[in-house]
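All residue numbers for the sequence shown refer to the working numbering, where the first residue is 45 and numbers rise by one.
Ideal placement from N, C-alpha and C gives every residue a C-beta, glycine not left out.
What follows is a set of notes on a single structure, which appears directly below.
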Amino acid sequence: MSGGLAAYLRWHLRDAALRAFAPVIIAFGLLGIPILTMAQASGWAALRADGDAQRGLLAGYAQLVPTVITLGALLVASGFVAADRDRGYVRFLFSAPVVPWRYYLQRFVVGLTAFVAACALVPIGFGLMITARPVAPVLVSAALYGYLIGALAMLAGALTRRDGAVVLGIVMLSSILQPLAAQAELAGWVEFLAAILPPLGPADAVRGAVLAGRAVDRPALVHVLGYATGMLVSALVLIRRAPLVR
C-alpha cells in the first residue's frame, strides 16, 4: 500500500505546483505590474529610494499579502475530494491497493506545502524589486490559512460534490458574521451561527498579528488550529467509512 501511494506523489507535486503559483500570479497582477509601470515612468532608483513612492508601495504590499493568501488558499484548496467523486475518478484511482484517506491526506499535505513555498516568492520578489520584506511571517500566515481553508475544503468535498461553492459560501458568511459578533450584540441565533462556523475571524486576527510582528493571541491560535484539525480528521473519517461513489 505504501508503495502504491508513493507512486502518486510526483503527480500530486505536479498538480499542486500548478495551483500553488496562484498567489504569485495574483500578486504579480495586483502589485507587480503597477511596480513595473512605475519603474518605466520614474526609474527603479526612485522606487527603491526611501521616499513617498516606496512608502506607498510598502502600504500596498501590506494590504496585498492577506488578500493573496486568502485567494490563494481558496484556489489551492478546491477539488481535493469532490472533483474525483463527481467525475468518477475514484473508480480507477483506488482500483489498485491504495487506501483512499491516505491518498487524500498526501494530496492535502503536498498541496499545502507547495502553497506555502510559493507564497515565499511574494516577499522575495518584492524585496528584489523594491526593498527587503520578511519572509517568515508570510510563510506562517500562508500555512495557517492554507491549513484552515484546506481542511474546510476537504470536509466539504467528503460531504458534497461541489466543494468550491460550499467553501466560498462558508468563508464569506464567517468573514461577515464573526467580526460583527465580536463588535456588537446580535440576535442569539446569529451569535450561535457565528460561533460554530470555521474561525475565519480569529484566523484573520492571528494573521494580522503575525504579519505586523505583534504578539499572537494564543487562545485564538489554538482555536483555529484545533478547529482545522477537527475538520481534517472528520473528513478523513468520512472518506474512510462513507462510500466514495454515491
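Straight across, the Cα-Cα distance linking residue 64 with residue 177 is about 21 Å. A Cβ-Cβ separation of about 6 Å places residue 193 in contact with residue 118 under the 8 Å criterion. Cβ-Cβ separation between residue 266 and residue 188: approximately 12 Å, too far for a contact (criterion under 8 Å). Selection 226, 201, 245 and 231 evaluated against residue 282 yields 201 as nearest (Cα-Cα). Taking residue 155 as the centre and dropping the five residues before and after it, the same chain places the C-beta of 60 and 120 closer than 6 Å to its C-beta, in chain order.
In this structure, the alpha-carbon of residue 247 lies about 20 Å from that of residue 105. The beta carbon of residue 101 sits closer than 7 Å to the beta carbons of 79, 91 and 174 from its chain, once the five residues preceding and following it are set aside; these are given in chain order. In this structure, the alpha-carbon of residue 168 lies about 11 Å from that of residue 68. For the pair residue 70 and residue 218, the Cα-to-Cα distance works out to about 23 Å. Check the Cα spacing between residue 269 and each of 185, 227 and 221: the tightest is with 185. DSSP places residue 205 in the coil class of the three-state scheme, outside both helix and strand. Annotated three-state conformation of residue 174 is coil, per DSSP. For residue 50, the closest C-alpha among the options 220, 221, 256 and 143 is that of 143.
Cβ contact annotation for residue 214 (same chain, cutoff 7 Å, sequence separation greater than five): 196, 241 and 242, in chain order.
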